[in-house]
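Chains as they are written, first to last, in our numbering: chain A, 90 to 391; chain B, 23 to 355; chain C, 13 to 293.
Remarks on the structure that follows.
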Amino acid sequence: MREEEFEIVGARDWQFQGPQDRKPARDAKERRQQRRILLTWGVFLLILLGCLLGGLFIDRDPAYMDLAHCSVPPCKEFLFGTDEMGRDLFAMVWHGGRISLFIGGVSTLISTGIAVIFGAVSGSAPKWADTLMMRLTEILLSVPGLLTVVLFQAVLGKATVGSISIVIGITSWMSIAKVVRTEVRRLRGSEYIIASKCMGGGFFHVLWKHLTPNFMPAILFMVVMNIRNAIIAESTLSFMGLGLPVQVVSWGSMLSLAEKALLTNLWWVILIPGMFLLVTLLCITQIGNDLRKSVNRRHSNL
Amino acid sequence: MLKWGKKLLFFLFYLFLLSVLVFVISRLSPGDPLVSYYGERAEKMDAQEREWAENRLGLRDPIPVQYVRWLENALQGDFGISYKYKMDAAEVIRGRIGNTLLLGGSGFLLIFFLALWLGVFCAWYEGRWVDRAICSLGTVTSCIPEFWLSLVFILIFAVNLKWLPSSGAYSVGKAEDVGDRLWHLILPLSIVVMTHLWYYAYMIRNKLLEEVRADYVLLAKSKGLKRSKVMVKHCLRNVMPSYFSIMAIAVPHILGGTYIVETVFSYPGIGTLSYESARYKDYNLLMLLCILSGALVLLCNLAAQAINERIDPRLKAGEFLKEPGVEDEGRGV
Amino acid sequence: MNEEILLDVKHLSHVFSLSKKVRIQAVDDVSFQIRRGEIVGLVGESGSGKSTVARCVMNVYRPKEGEIFYKGINLCDRKEFREHKRMLQSKRQFIFQDSDSALNQRMKVWEIIAEPMKIQHVTPPRGTLRAEAEFQMHLVGLDAGYLDKYPPELSGGQRQRVAIARALAMEPELLVADEPIASLDVSIQAQIVNLFKQLQRQHGFSILFIAHDLAMVEFLCDRVGVMHHGKLVEMAPVKELFEAPRHPYTRSLISAIPIPDPKRERARKTGKEMDKEWMDA
């Protein structure tokens, strides 16, 4: 029987293009995707390495105020220009990135840790305790995030890199905890968990061996997004004068000078650190999205 | 009826807990509320003067006593005075809330309709270059920190092009001029919309794409319905209820987003106010603001819950459908 | 057979409260005993409370009424249970109906088999946990090549073998098997039942075998209990039960077993009809 004899009619015809025409299209799509993943990781690693190792190659001290060269626009000597205090933006960007990324990472570790333990306890607790714990998270979620951060910041005293990480960490675990709790509630009736308990597995054994690997895919995307949100939170706080002081260089504290820079129209002081921030955030988001996609794909294959 | 009574009770209980939480945390944190009341004079006070001032504001009593006093007054509708503005906290907020509601409300409506339109548009052209371009652009805009986008917009449109004003809600002396107020609204509003829009549009797009792959679409198509009709009459209709419930939760989210924008643009609204009050220990104002925003969040959650229950009767019947032994498993072994 | 009583279930009752109004009496005054080395079957339609009995025996559910003694230890007493926890948790093992969900999909086969030893901190007699897992797999008839596979890569029968190997790793005295063959193909069912029989002969443990397939029960068990609506309506040695069932429900269950012989099948049917006619008259 020859193919030409058939004409495909009916509802599916607009989806069906025949195996020959379809394959190259999918290949192209996959290749494009692969290129994008490569690009994201490439840029992200470049920024990461630049921030980590930048200190080795840049001889200028980011904190040094070169009063002879204040507000110099980008030129050969100062690649990214200098700010109003005569600090070299090029050195500052790499140094500041290290602190911003560090805060993002540490606060995410803290919040994920709290979220996993809180969510797992709530998910495996009897109903009344679970309800109580979930109500508590809802109340915490209902306080505007900025206010809680300001309050905690006030409790911890003067802002340092450590205190900011802790504050952002302990104010951003709630939504992950909710997902963990839902997953634990779904998983805890599973027979392998009952089996593990019958064999004498304790809470932490079950949590670490059985629950975590199974809910990890569900929260992985949120965890990556948490890094992003922590970096945004740090920069916003520093910008508003609640976070790191100007002397401690981070992308956020660099931008806290931006409002003054607006008045004098120093565009490079606003745009350059912001662009670095934006590109980093974009890479992290993209990595999160790719992770989510790959996790979903693997899931459906099982 | 009974159900709503129960919900109301829960609601009040939440507000009570929230107020306790905020009260205790704000009092425990270091900082001098007198500074916000007396300004710089507070720093020069001697011990006696301080004691007198603190007694006057009732700051010397133990925290529980202070709280009970606050609660008693609050139940009678008196939320105390703002230290900084020296007038009723409720009064201060009343003067500002209109601005925030204007910014947040118009932002919310814009986001609601634009997201819907954009989501349908992208789902319609799924996988084509328009869709891909919008998706990429959307990812970028949803990554930009609000304050930085505000700065860039001010830099471009206010400082360099001088098209739009960079701060405030109205020009000096033009408080009554509607056109002038709208003029000042453009920049903050476009930032609120830009930073939130894609999140919701993307959600609509993905939900529609899921819907398009369902079997009933094939049936509708085989009946000879037009593609646009299937999309709008069938798919969109199925997506709408969940969109409503998501947008109900989005209300506080978007309002929260206006807080930062307000601060950057020195827009006189609730956002700047709550930031100031937390920073300068304006206790009474802070309490009222927190309770208002907490109430808003809870109301929106309740609304979303009600919408969800209406869409999906299973949720309401949930109590009967639970797998047996849920409560026992926790206790066993 | 040893006369020592291993498990003694006395007047067990359990109620699930689904909501304030809806209650389900899952198990109603069930009593039976299992002797050492005995295979006891529990049959009944789905929803008759067999699994609940098994889960009560394994302390997954706390029964509302009644007592369960394991070698004289009252399992329903929290204090007594806690005192003998370690022994109980290693000497009683549970095998589930659905091997798909009974094994954690994200663990390798050898990790699954070694899990109970790891939890109880047993020093593996064959050196490493992995070697121990390999040994157990050999016992249940699986190649060492499966050690590093994940459960979804195995077939249903292989997964059930892994579950059995995990249970056997602790050298249990009592194996509670909750419909271990219900989710398998008929040909695989026979293999697994044979495996049970062979392993029981080798190790000498007791089995509480729950099933709704009477043919398999007849082949495997020494004694059989029939459950109906939460009650244990009949309990008898297997031969007696199949030859002279006393309870009408048991009779109807047995008559539902297909006989792979057309002549006998027909004879049974006509016999039944004659019974009916006789009753009508």
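Heads up, the beta-carbon is just placed ideally off N, CA and C, and yes, glycines get one too.
Please read these numbers as outputs of a predicted model, since none were measured by experiment.
Using a C-beta cutoff of 8 Å, does residue i count as contacting chain B?
i      : result
T171/A : no
T220/A : no
M343/A : no
G377/A : no
S189/A : no
I259/A : no
T249/A : no
N480/A : Since the displayed chain A opens at 90 and closes at 391, residue 480/A lies outside it and no answer follows.
CB-CB under 8 Å to residue i, same chain, minus the five flanking residues each way: which ones, in chain order?
i      : result
Y281/A : H299
L39/B  : none
R258/C : E246, A248
Ordered along the chain, which non-local residues of its own chain (more than five positions away) have a Cβ less than 6 Å from that of residue i?
i      : result
V236/C : G53, V229, V250, L253
S254/A : I192, V195, S196
C312/B : V44
M314/A : G377
R173/C : V152, L154
E351/B : Low confidence applies to E351/B: its pLDDT is 29, below 50, so where it sits in the model is not reliable, and the reading given next is rough at best. Answer for E351/B: no residue qualifies.
A223/B : A137, L140, G141
E50/C  : S218, D234
Quick one: using the 10 Å Cβ neighbour count with 16 as the cut-off for buried, is residue i buried or exposed?
i      : result
G84/C  : exposed
Q210/C : exposed
E272/A : buried
C322/B : buried
S260/A : Inspection of the sequence shows that residue 260/A is occupied by Thr rather than by Ser. Its Cβ being crowded by 16 or more others within 10 Å, T260/A is buried.
F135/B : exposed
M311/A : buried
L187/C : buried
L391/A : For L391/A, the predicted structure reports a pLDDT of 33, less than 50, and the residue's modelled location is therefore unreliable. A value from the coordinates is still provided. The residue in question, L391/A, is exposed, as its Cβ has fewer than 16 Cβ neighbours within 10 Å.
R187/A : buried
W74/B  : exposed
E144/C : buried
Q170/B : Note that residue 170/B corresponds to Trp in the displayed sequence, not to Gln. With 16 or more other Cβ atoms within 10 Å, it is buried.
P151/A : buried
Between residue i and chain A, is the shortest Cβ-Cβ distance under 8 Å, so that the two count as touching?
i      : result
I166/B : yes
V174/B : yes
E146/C : no
Y305/B : no
I282/B : yes
Q172/C : no
L30/C  : no
A297/B : According to the sequence displayed, residue 297/B carries Tyr and not Ala. Yes, Y297/B lies at the interface with chain A (some Cβ there is under 8 Å from its Cβ).
E127/C : yes
V181/B : yes
Per DSSP, residue i forms a beta bridge with which residues?
i      : result
D190/C : I222/C
I320/A : Partner(s): none; I320/A has no beta bridge.
D110/B : I103/B
S25/C  : E77/C
L328/B : The sequence given here has Ala at residue 328/B, not Leu. The partner list for A328/B (beta bridge, DSSP) is empty, contrary to what the question assumes.
L243/C : It is Lys, not Leu, that sits at residue 243/C in the sequence shown. Its beta-bridge partners are H240/C.
F44/C  : V21/C
V39/C  : H26/C
R104/C : L186/C
Taking 7 Å as the limit between beta carbons, can you name the residues of its chain near residue i, skipping five residues before and five after?
i      : result
I200/C : G168, G169
L252/B : First, the amino acid is wrong: residue 252/B is Val here, not Leu. V239, A242, K243, listed in sequence order.
I361/A : F169, L178, V182
Can you confirm whether residue i, when its beta carbon is compared against all beta carbons of chain C, has any partner nearer than 8 Å?
i      : result
S383/A : no
H158/A : no
P362/A : no
Regarding residue i and the ligand SAM, is the C-beta to nearest heavy atom distance less than 7 Å?
i      : result
G258/A : Absence of the ligand SAM from the depicted structure is noted, as is the absence of any ligand whatsoever, leaving it without description.
- prompt: Which residues, taken in chain order from the region 29–52 of chain B, show a beta carbon closer than 8 Å to some beta carbon of chain A?
  reply: Y36, L39, L40, L43, V44, I47, S48, L50, S51, P52
- request: Scan the region 105–117 of chain C for residues whose Cβ lies nearer than 7 Å to a Cβ of chain A and list them as they occur along the chain.
  value: F106, F108, D110, S113, A114, L115, N116, Q117
message: Output needed in chain order: residues of the region 283–299 of chain A with a Cβ under 9 Å from some Cβ in chain C.
response: I283, A284, S285, K286, C287, M288, G289, G290, G291, H294, K298, H299
task: Can you give me, in chain order, the residues of the region 64–94 of chain C that have a beta carbon less than 9 Å from any beta carbon in chain A?
output: R67, M70, N71, V72
- request: Output, in sequence order along the chain, the residues in the region 308–322 of chain A whose CB is closer than 7 Å to any CB in chain B.
  value: I321
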